[in-house]
Amino acid sequence: MTRVHGGLYAEDMEQLYHGPVPYVILAAGAVIFVAATAAVGIALSFIGSLGSTSFWNNPWVRGIVGAVLWAVVVGGGGLYLTLVERKFMARVQVRYGPNRWGPYGLLQPIADALKLMRKEDIIPDAADSLVMRLAPIIAFAPSFMLFAAVPWTAEYVASKMDIGVLYIIAVTSLTPIGVLMAGWGPNNKYNLLGAMRFAAQELAYEVPLILAMIGPIAVAQSLNGVAIVEAQSGYWFGVIPRWNIFPQFFGAIIFFVAFMAETGRIPFDIPDAEGEVVHGFSAEYSGMKFVMLLLLEYVHLIAGAALFVVVYMGGYLGPAPLNQFAWFTLKLLFVILVMMLIRAVWFRVRIDQIMDLGWKILLPAALINVGVIGVVLALTV
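Each residue of the sequence shown is one higher than the one before, counting from 7 in the working numbering.
Printed below as a string of structure tokens:
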């Protein structure tokens, strides 16, 4: 047997790749995410059952406790997604992926988090220290705020606001402010260039993203997330679900591409392209500030995938025996894995091509899609 670095044998490494390890990682990630989210639902239900006069039934208390629980679950889910993605990409690219910490590398995210948190928090002399400290928080918070309007079930939604989609659009516009602050604060040209790229990319794809949501909103005649999901109930011919993704396929493609661009993932990762802008707006950050900017991508990924599931994939709707919560979570994981697959097999697109795609292709296509949907609804109503 030929020994390789780390004390493992070549045969062991071969078994590690060809065995069921990547599927174990993906299954474990799904189970952990579902269990953690279910725990939040159980906790909130328990708080609500403590009595109408109880301190715990106070809306402010429930809101604060729910926000803390969601922060733990979504933040932990974003942290664990780093391992799932690394294993998934390793499988696609015929590599092993992380396998040093814990069985099959299951403790790798914890090791990475502890390592990054122990890093020294450095503020450059020429930097604006206040802006540098506030930027990661302002950039990170809106991604969590998105979940307030996402219905995991018909009842399990943080806020059943009638302007849910409008709220989501407003919240997503806050992230570029934090990113621009992150680019300006360190007084570094690479940070600033990466932040400007991010802002330009967000501006180019925010409009097509909003236009792509007009179709489902028009069908549901409501901005409420639950109403949009309920408008997709039932089946065509008793077999095909009435999800918006089938009659509005082009709108779904526009939405998917636009929110992929807004997350800044490959092939739209020009804001933090290592070979061009040295990791972009997070180049001068270290310690917990860097962790927050790093997890921003993954939390944004979960939020965008959840919104896509609500608007185009029927949300929590699905046939028995699975309940609403399970259906929503499975659809969410499916969308996330599709985005991971795209990152594993695609290449980075040039900045001029990204701008052309947003302004010259997606925007006109989104306008045409809205016009076609309007004509169809006018003829069928």
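Ideal Cβ placement from N, Cα and C applies to all residues, glycine included. Note that the coordinates shown come from a computational prediction; the quantities given were computed from them, not determined experimentally.
Short of 7 Å in beta carbon distance, which residues of its chain neighbour residue 137, apart from the five on each side in sequence? Order them along the chain. As a first step, residue 137 is located in the sequence shown; it is residue number 131 there, counting from the start. Take residue 137, set aside five residues on each side of it, and the residues of its chain with a beta-carbon closer than 7 Å to its own are 187, 190, 191, in chain order.
To which residues does DSSP link residue 183 through a beta bridge? In the sequence shown, residue 183 corresponds to position 177, counting from 1. The beta-bridge partner set that DSSP reports for residue 183 is empty.
Contact under 8 Å by Cβ, residue 290 with residue 230: Position 284 of the sequence shown, counted from the first residue, corresponds to residue 290. Position 224 of the sequence shown, counted from the first residue, corresponds to residue 230. For residue 290 and residue 230, no; Cβs fall outside 8 Å.
Residue from 379, 110, 304, 320 with nearest C-alpha to residue 5: Limits of the chain in this structure are 7 at one end and 387 at the other, which puts residue 5 out of reach.
Does the region 269-278 touch the region 203-218, meaning 3 or more C-beta pairs lie closer than 8 Å? Of all C-beta pairs linking the region 203-218 to the region 269-278, three or more are shorter than 8 Å, placing the two stretches in contact.
Since residue 242 sits in a beta bridge, which residues does DSSP pair it with? The residue given as residue 242 occupies position 236 in the sequence shown. In DSSP, residue 242 forms a bridge with 246.
With 16 other CB atoms within 10 Å as the buried threshold, where does residue 243 fall? What you label residue 243 is simply residue 237 of the sequence shown in a count that begins at 1. Exposed.
7 Å Cβ shell around residue 369 - same chain, five flanking residues per side excluded: To locate residue 369, count along the sequence shown from 1; it is residue 363. Within the same chain, residue 369 has close Cβ partners 213, 214.
Among 321, 116, 158, 222, nearest to residue 87 - alpha-carbon criterion: Position 81 of the sequence shown holds residue 87. Per the Cα distances, 116.
Suppose you measure from the CA of residue 253 to the CA of residue 124; what does that come to, to the nearest Å? Here residue 253 refers to the residue found at position 247 of the sequence shown. Here residue 124 refers to the residue found at position 118 of the sequence shown. Cα to Cα, the separation comes out at about 51 Å.
Please report the Cβ distance between residue 360 and residue 218, rounded to the nearest whole angstrom; I am assuming they are in contact, meaning their Cβ atoms lie under 8 Å. What you label residue 360 is simply residue 354 of the sequence shown in a count that begins at 1. What you label residue 218 is simply residue 212 of the sequence shown in a count that begins at 1. Taking the Cβ atoms as the reference, residue 360 lies roughly 17 Å from residue 218, outside the contact range of under 8 Å.
Looking at residue 105 and residue 260, is the spacing between their C-beta atoms short of 8 Å? Walking along the sequence shown from the start, residue 260 turns up at place 254. Walking along the sequence shown from the start, residue 105 turns up at place 99. No. Outside cutoff.
Answer yes if the region 173-183 comes into contact with the region 333-349, meaning at least three C-beta pairs across the two stretches below 8 Å, and no otherwise. For the pair of segments examined, the region 333-349 was found not to touch the region 173-183: the number of CB pairs separated by less than 8 Å stays below three.
What whole-angstrom Cβ distance do residue 175 and residue 216 have, given they're in contact under 8 Å? The residue labelled residue 175 in the question sits at position 169 within the sequence shown. The residue labelled residue 216 in the question sits at position 210 within the sequence shown. About 6 Å; that satisfies the 8 Å criterion.
Which of helix, strand or coil DSSP assigns to residue 365: What you label residue 365 is simply residue 359 of the sequence shown in a count that begins at 1. Residue 365 falls in the helix class under three-state DSSP.
DSSP three-state assignment for residue 228, whether helix, strand or coil: Mapped onto the sequence shown, residue 228 falls at position 222. The answer is coil: DSSP assigns residue 228 none of H, G, I, E or B.
Cβ neighbours of residue 347 in the same chain (closer than 8 Å, five flanking residues each side left out): As a working mapping, residue 347 is identified with position 341 in the sequence shown. So the list reads 94, 98, once near-sequence residues are dropped.
What did DSSP end up calling residue 213 once you bin it into helix, strand or coil? In the sequence shown, residue 213 corresponds to position 207, counting from 1. Residue state, collapsed to three classes: helix.
Tell me the DSSP secondary structure of residue 107 in three-state form. Counting from 1 along the sequence shown, the entry for residue 107 is found at position 101. DSSP places residue 107 in coil when its eight states are reduced to three.
As a quick exercise: from 342, 356, 285, 332, pick the residue whose alpha carbon is nearest that of residue 196. Sequence index remark: in the sequence shown, residue 196 carries index 190 (1-based). Nearest in C-alpha terms to residue 196, of all of 342, 356, 285, 332, is 285.
Just verifying my parser: in three-state terms, what is the DSSP assignment at residue 152? Mapped onto the sequence shown, residue 152 falls at position 146. In the displayed model, residue 152 falls within a helix according to three-state DSSP.
Neighbourhood of residue 170 by C-beta distance below 7 Å, restricted to the same chain and skipping five residues each side: Within the sequence shown, numbered from 1, the residue matching residue 170 stands at position 164. Result list for residue 170: 155, 229, 230, 231, in chain order.
Pairwise C-alpha distance: residue 288 and residue 129: For this step, residue 129 is matched to residue 123 along the sequence shown. For this step, residue 288 is matched to residue 282 along the sequence shown. Approximately 13 Å between the Cα atoms of the pair.
Under a Cβ-count criterion, where at least 16 other Cβ atoms within 10 Å of its own Cβ denotes burial, should residue 249 be classed as buried or exposed? Residue mapping note: residue 249 aligns to position 243 of the sequence shown, counting from 1. With 16 or more other Cβ atoms inside 10 Å of its own Cβ, residue 249 counts as buried.
Using CA atoms only, rank isn't needed, just tell me which of 159, 168, 222, 351 is closest to residue 272. Stepping through the sequence shown from its first residue, residue 272 is reached at position 266. The shortest C-alpha separation from residue 272 is found at 351.
Do residue 265 and residue 314 have their C-beta atoms closer together than 8 Å? To locate residue 265, count along the sequence shown from 1; it is residue 259. To locate residue 314, count along the sequence shown from 1; it is residue 308. The beta carbons of residue 265 and residue 314 sit closer together than 8 Å.
Presumed contact (8 Å Cβ cut-off) between residue 85 and residue 301, rounded CB distance: The sequence position of residue 85 within the sequence shown is 79, counting from 1. The sequence position of residue 301 within the sequence shown is 295, counting from 1. Right, their Cβ atoms sit about 7 Å apart.
Exposed unless 16 or more other CB atoms sit within 10 angstroms - verdict on residue 27: Taking the sequence shown and counting its residues from 1, the one referred to as residue 27 is at position 21. The predicted position of residue 27 is uncertain, since its pLDDT is 48 and thus under 50; no value can be drawn from it.
Which same chain residues end up closer than 8 Å to residue 224 when comparing Cβ atoms and leaving out the 5 residues on each side of it in sequence? Within the sequence shown, residue 224 is the residue found at index 218, counting from 1. Its chain contains 379, 380, 383 as the residues whose beta carbon lies nearer than 8 Å to that of residue 224, once the 5 sequence neighbours on both sides are disregarded; these appear in chain order.
Express the C-alpha separation of residue 161 and residue 251 in angstroms, rounding to a whole number. Start at 1 with the first residue of the sequence shown, and residue 251 comes out as number 245. Start at 1 with the first residue of the sequence shown, and residue 161 comes out as number 155. The C-alpha of residue 251 lies about 23 Å from the C-alpha of residue 161.
Short Cβ contact (8 Å threshold) for residue 222 with residue 234: For the purposes of this step, residue 222 is taken as the residue at position 216 of the sequence shown. For the purposes of this step, residue 234 is taken as the residue at position 228 of the sequence shown. Yes. Within cutoff.
If we count the other Cβ atoms within 10 Å of its Cβ and call it buried at 16 or more, is residue 342 buried or exposed? The residue labelled residue 342 in the question sits at position 336 within the sequence shown. The residue in question, residue 342, is buried, as its Cβ has 16 or more Cβ neighbours within 10 Å.
For a test of the three-state rule: what should DSSP assign to residue 90, helix, strand or coil? Walking along the sequence shown from the start, residue 90 turns up at place 84. Of the three classes helix, strand and coil, the one that applies to residue 90 here is helix, per DSSP.
Pick out whichever of 120, 96, 102, 114 has its Cα sitting closest to the Cα of residue 297. Taking the first residue of the sequence shown as 1, we reach residue 297 at position 291. Closest by C-alpha distance to residue 297, out of 120, 96, 102, 114, is 120.
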